[in-house]
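Visitor: Listed in order, the protein sequences are those of chains A and Y. First residue of the first sequence? That's 99 in the working numbering, and the numbers climb one at a time after it. First residue of the second sequence? That's 99 in the working numbering, and the numbers climb one at a time after it.
Protein chains: 2
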Amino acid sequence: MSVRFAILGLLAQRPRHGYELRAAFEALVGGEENWDVKPAQIYTTLDRLEESGLVTEEAVEQEGGPEKRIYAITPAGRAELESWFATSVGSEHQRDEFFVKLMLSLAVDGANPYKVIQTQRAALYQRLHDVTLQRQRADPQTELAHILLLDKTVMHLEADLRWLDMVEARLDEVRRQPLPQPEVKPRGRPRRR
Amino acid sequence: MSVRFAILGLLAQRPRHGYELRAAFEALVGGEENWDVKPAQIYTTLDRLEESGLVTEEAVEQEGGPEKRIYAITPAGRAELESWFATSVGSEHQRDEFFVKLMLSLAVDGANPYKVIQTQRAALYQRLHDVTLQRQRADPQTELAHILLLDKTVMHLEADLRWLDMVEARLDEVRRQPLPQPEVKPRGRPRRR
DNA sequence: TGACAAATCTACTAACTCGTATTATAATTT
DNA sequence: AAATTATAATACGAGTTAGTAGATTTGTCA
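#1: Any C-beta of chain A sitting closer than 8 Å to the C-beta of Y/E124?
#2: Starting from Y/R167, trace the beta strand (DSSP E) in both directions and tell me its first and last residue.
#3: When you compare the CB of Y/T142 with every CB in chain A, is at least one pair closer than 8 Å?
#4: Name the residue from A/V265, A/D258, A/Y117, A/R274 whose alpha carbon lies nearest to the alpha carbon of Y/V327.
#5: For Y/R120 and A/W133, I'd like the C-alpha separation in whole angstroms.
#6: Which residues in the same chain have their Cβ closer than 6 Å to the Cβ of A/A209, if we skip the five residues on either side of it in sequence?
#7: Short check: CB of A/F183 to CB of Y/K136, under 8 Å?
#8: Can you tell me whether A/T154 is helix, strand or coil according to DSSP?
#9: Cα separation between Y/T143 and Y/Q218?
#10: Quick check: the Cα distance between A/P276 and A/L179, rounded to an integer number of angstroms?
#11: Could you tell me which of Y/Q232, Y/M201, Y/I215 sits nearest to A/S100, measuring between CA atoms?
#12: Tell me A/H244's beta-bridge partners as DSSP assigns them.
#13: How would you label Y/V158, buried or exposed, when you count the other beta carbons within 10 angstroms and need 16 or more for buried?
#14: Taking 8 Å as the CB-CB limit, is A/H254 close to chain Y?
#15: What residue range does the alpha helix (DSSP H) around A/R289 cover?
#16: Please classify Y/R114: does DSSP put it in a helix, a strand, or coil?
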């Protein structure tokens, strides 16, 4: 979803062609190690935006090189962008893959939940190390936004590590509880209250 | 990705049919407010798993009601599951949609970054409130895992709120810096350094 | 009391959007 | 020739929207 709106936002600054959009997006998020957008996504998204009437193909430049299709935002596109600014980012979907993995490692015969935790912790420390290095190398005079983004990542990684410790400490307790079973819902029309 | 492995894990316990898998998954993650899996995703994923030879259709039951297709995990499926347990959850892709939105609100004429922050903060507080309520209502004797998951959510929301404060305090500084521009790369092979 | 409408669960399907992976190509410069 | 940018097509996977159709239970009214 963000790529779609990022394209609209970048086209709101000025018309651009596909590859330029990709470069501008990566500059915005601070490099491809943060968010690697594949060219294919840019082009398919542009096609879909064009189909919805939010952008238009403005011109095709040749200038020696290969063709460049230049896209521009339409009034409908600006409206869409504005309404994106006015709404909050949708709940960030809690979808915690690690939690699912941990629960299943408790449920599946032969799996080792302590090892699962250990593996995850190692990966989190590795990533924390990488991000911290990146943060130290960044220049506050020119890359403040990028630094703030890295700070957020660090805060989340630290929270994840603290949470892992907590879970590990209480894992035996969790283990003793039966796995949550789906509740059997009563069938048929519900009773009048 | 997690749904795919969750299905494998649940089938590793015992053979099940699609609807049962859906119910078991929702029980595992603590209700549809955490992770609402649509039936269609279960069935298409099962089809793909079958095509990859990780599950097999075991039988079709009739028992009065509509057909039930029972699926079971294969040895290859168990191997896939084991290797999932052995690897770490992939870097959680920092893909921060709010950050993108904030940066664009700084770049696009007519947008108001302070308002964007305010909207996001209100949404985060709302969600924190909801989750805290859910946490208080949960029974530690039977829903410890669910409580731990909610704790993780709370920790992340608190981190997001602290980060928002930080960003707001330094927004003028960020504003003064020019937006990161994509470096214009010369075409062709780069010069030797 | 018995027919029937209302509501909900069970089980599954079709068609779509968003994003990723893979591959191909032309142009440009070293 | 090799490297690299610029551009795009095709196909696939993940996830959503919006259903179908039968089964089961409850309410209601003649």
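Virtual Cβ for every residue (Gly too), placed ideally from N, Cα, C. Source: prediction; values computed, not measured.
Guide: The answer reads as follows:
#1: For the purposes of this step, residue 124 of chain Y is identified with residue 26 of the second sequence, where counting begins at 1. Chain A has a Cβ within less than 8 Å of the Cβ of Y/E124.
#2: Stepping through the second sequence from its first residue, residue 167 of chain Y is reached at position 69. 166-171 is the span of the beta strand (DSSP E), which, as asked, contains Y/R167.
#3: Reading the second sequence from its first residue, position 44 is the one you call residue 142 of chain Y. Not one chain A Cβ lies under 8 Å of Y/T142.
#4: Because residue 327 of chain Y is not part of the residues shown, which for chain Y are 99 to 291, the question remains open.
#5: As a working note, residue 120 of chain Y is residue 22 in the second sequence. As a working note, residue 133 of chain A is residue 35 in the first sequence. So the two alpha carbons sit approximately 31 Å from each other.
#6: Within the first sequence, the letter at position 111 stands for residue 209 of chain A. Excluding its 5 nearest sequence neighbours in each direction, A/A209 has C-beta neighbours in its own chain below 6 Å: S203, listed in chain order.
#7: Working through the first sequence from its first residue, we reach residue 183 of chain A at position 85. Working through the second sequence from its first residue, we reach residue 136 of chain Y at position 38. With respect to Y/K136, A/F183 sits apart: the two C-beta atoms are not nearer than 8 Å.
#8: Within the first sequence, the letter at position 56 stands for residue 154 of chain A. Strand.
#9: On the second sequence, position 45 is the one that residue 143 of chain Y refers to. On the second sequence, position 120 is the one that residue 218 of chain Y refers to. Spanning the two alpha carbons is a distance of roughly 34 Å.
#10: The sequence position of residue 276 of chain A within the first sequence is 178, counting from 1. The sequence position of residue 179 of chain A within the first sequence is 81, counting from 1. Cα to Cα, A/P276 sits roughly 48 Å from A/L179.
#11: One-based indexing of the first sequence puts residue 100 of chain A at position 2. Closest by alpha carbon: Y/M201.
#12: Sequence index remark: in the first sequence, residue 244 of chain A carries index 146 (1-based). BP columns for A/H244 are empty, so no partner.
#13: On the second sequence, residue 158 of chain Y is found 60 positions in, with the first residue counted as 1. That one is exposed.
#14: The count along the first sequence starts at 1 and reaches residue 254 of chain A at position 156. Between A/H254 and chain Y, the shortest Cβ-Cβ separation is below 8 Å.
#15: Indexing the first sequence from 1 puts residue 289 of chain A at position 191. For A/R289, no alpha helix (DSSP H) run applies, since DSSP gives it neither H nor E.
#16: Looking up residue 114 of chain Y in the second sequence gives position 16. Here DSSP, grouped into helix, strand and coil, assigns Y/R114 to strand.
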